[in-house]
Amino acid sequence: MIRKIPSFEYLSFEILVLFAGLMPDSQLSTSIIVMCQNTEAISYMITYGFAAVISTRVSNELGARNIANARKALTVSLALSLMLGVVFLLLLGLGHDLWVRLFTTSEAVVSAFASMTPLLIGSVVLDSTQGVLCGVTRGCGWQHLAAWTNLVAFYVIGLPLAILFGFTLAFQTKGLWMGQICSLLCQNCVLFFITLRTNWQELDLTMFNKDNDFVC
């Protein structure tokens with residue numbers, strides 16, 4: 000059942016919008032969170048392509064017993080996603096004022112978004128790598144690991160920390176986004192550890208045996 004539940008990550012971002020609506024200046028808080036969410040979604044749609052490619056490529060290479068090519072595809076995709084993350088970092092860092100004015104003319108929102116930009120940059124960079132790492136996990140046939148990682152990272156760690164930072168410690172919208180950054184960081188660490196500890200030779204043998212069982 001855990002493999003069939005819709006994206007935990009997307010839903011957690013929507014929950015942040017609901018949390019923002021509970022803050023004292025709900026109109027400003029909601030506007031900032033929604034703009035950050037949309038910016039994150041736009042950047043992720045580009046890196047999501049790498050996730051889809053690496054998932055298919057790794058599974059195909061493992062099926063063909065080309066371990067070296069599977070690892071090479073992982074390295075190239077991860078490097079490209081990091082490069083895209085750096086590009087987004089520069090674009091947001093240098094052009095955040097122009098970007099936010101595409102959404103609003105309110106100077107209060109523009110000023111608040113400027114203060115959120117460093118946190119937004121951090122989440123965009125982390126999101127660019129987690130997509131590729133999730134793709135590798137799915138390509139290896141470990142969809143359940145990716146699903147459980149997302150569930151724990153975003154709902155056991157991220158959202159409680161967002162409540163703590165945003166409401167208890169009164170960091171407001173920054174606190175909500177800090178909780179999301181913590182969840183992305185945990186997600187990246189776990190998925191990177193899984194990828195780092197993967198025994199590719201043993202995984203290749205497992206895939207080969209499954210193919211033989213299917214043929215028989």
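Per numbering that gives the first Met the number 0, the sequence shown starts with residue 0, numbered consecutively. We put the CB at the ideal spot given by N, CA and C, even for glycine.
Subject >> Exposure label - Ser-54; buried when at least 16 CB within 10 Å >> reply: buried
**OP:** Give a yes or no on contact between the stretch 5–24 and the stretch 155–162, applying the rule of three or more CB pairs nearer than 8 Å.
**Re:** yes
Original post:
Does DSSP put Cys-139 in a helix, in a strand, or in coil?
Top reply: Cys-139: coil per DSSP, three-state reduction.
Original post:
Would you call the CB atoms of Thr-136 and Ala-146 closer than 7 Å?
Top reply: Result no, Cβ atoms of Thr-136 and Ala-146 do not sit closer than 7 Å.
Original post:
Exposed or buried, which one is Arg-64 when buried takes at least 16 other CB atoms within 10 Å?
Top reply: exposed
Subject >> Neighbourhood of Lys-184 by C-beta, 7 Å cutoff - its chain only, sequence neighbours within 5 removed >> reply: The residue you asked about is not Lys; residue 184 is Leu in the sequence shown. Leu-125, listed in sequence order.
Subject >> Rounded Cβ spacing between Ile-31 and Phe-87 (contact assumed at less than 8 Å) >> reply: 18 Å between Cβ atoms; not a contact.
Subject >> Own chain, CB closer than 6 Å to Ala-69, minus 5 neighbours either side, in chain order >> reply: Val-57, Glu-60, Leu-61
**OP:** Measure the Cβ-Cβ separation of Ile-120 and Leu-91 and say whether it is below 7 Å.
**Re:** yes
**OP:** Classify Phe-170 as helix, strand or coil using the three-state DSSP reduction.
**Re:** coil
**OP:** Inspect the beta-carbon positions of Thr-50 and Cys-133 and report whether they are closer than 7 Å.
**Re:** Strictly speaking, residue 50 in this sequence is Ala, with Thr absent from that position. Their beta carbons are under 7 Å apart, which means Ala-50 touches Cys-133 by this criterion.
Original post:
How should Ala-40 be labelled, buried or exposed, when 16 other C-beta atoms within 10 angstroms of its C-beta is the threshold for buried?
Top reply: exposed
Subject >> Bounding residues of the alpha helix (DSSP H) (the contiguous stretch that carries Ser-105) >> reply: Element bounds for Ser-105: n/a, residue is neither H nor E.
**OP:** Compute the beta-carbon to beta-carbon distance between Leu-220 and Ser-127, rounded to the nearest angstrom, for a pair I have assumed lies under 8 Å.
**Re:** Lying outside 0 to 215, the shown extent of the chain, residue 220 is not represented and no answer is given.
**OP:** Helix, strand or coil for Pro-23, going by three-state DSSP, please let me know.
**Re:** coil
**OP:** Compute the distance between the beta-carbons of Ser-80 and Val-123, then report whether it is under 7 Å.
**Re:** Against a cut-off of 7 Å, the Cβ pair of Val-123 and Ser-80 comes out as no contact.
Original post:
By Cβ distance, which residues of its chain are closer than 7 Å to Phe-191, with the 5 residues on each side in sequence left out?
Top reply: Leu-132
**OP:** Would you mind stating whether Glu-8 and Asn-187 have Cβ atoms separated by less than 7 Å?
**Re:** no
Original post:
If you count every other CB in all the chains shown that lies within 10 Å of the CB of Asn-198, and 16 or more means buried, which is it?
Top reply: exposed
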